[in-house]
Amino acid sequence: MTSEQTPSRRDFMKSSAAMAAGTAILSGALAPSRVYAAGDDTIKIGLIGCGGRGSGAASQALKTAGKVELHAMGDMFGDQLEGSLKRITADVKGNDTAIVNVPEERRFTGFDAYK
Numbered sequence: 007m008t009s010e011q012t013p014s015r016r017d018f019m020k021s022s023a024a025m026a027a028g029t030a031i032l033s034g035a036l037a038p039s040r041v042y043a044a045g046d047d048t049i050k051i052g053l054i055g056c057g058g059r060g061s062g063a064a065s066q067a068l069k070t071a072g073k074v075e076l077h078a079m080g081d082m083f084g085d086q087l088e089g090s091l092k093r094i095t096a097d098v099k100g101n102d103t104a105i106v107n108v109p110e111e112r113r114f115t116g117f118d119a120y121k
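Sequence positions in the sequence shown follow the working numbering and run 7 to 121.
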């Protein structure tokens, strides 16, 4: 005489949880732990406030060892921003590790320039 026992709800939950945990552990073990995009050691900086202090700090940052890119700028006044961009570009000219890449869409002016 064989008596077939139907699994209880508790047994079903235990075995389901064990299978899920095992699958999660195995998939984590087989997958790479960290995935990165293509390596780029360039440090991108933004300048908020394009007066003398800010422009000087940006120029100094661009002259450090390693690749540094001026990526965005913001100031209350557009003419101040444009003048600062010209000064910084002239100041780092000839420096192979300094990149000044601030197109129009990353030049912010007005009260909300810091956003």
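Note that the Cβ used here is the ideal one computed from N, Cα and C, for glycine as well.
Below 8 Å, how does it come out for the stretch 72-87 and the stretch 97-107: are there three or more Cβ pairs, yes or no? Cβ pair count under 8 Å is three or more, so yes.
The alpha helix (DSSP H) with K92 in it runs from where to where? In the DSSP assignment, K92 falls within the unbroken alpha helix (DSSP H) covering G84 to D97.
First and last residue of the uninterrupted alpha helix (DSSP H) at R112: No alpha helix (DSSP H) holds R112; DSSP gives it neither H nor E.
Can you give me the start and stop residues for the alpha helix (DSSP H) that A78 sits inside? Element bounds for A78: not the alpha helix (DSSP H) but the beta strand (DSSP E), V74 to D81.
So I49 packs on G72, CB below 8 Å; how close in whole Å? The pair is a contact, with the Cβ atoms about 7 Å apart (cut-off 8 Å).
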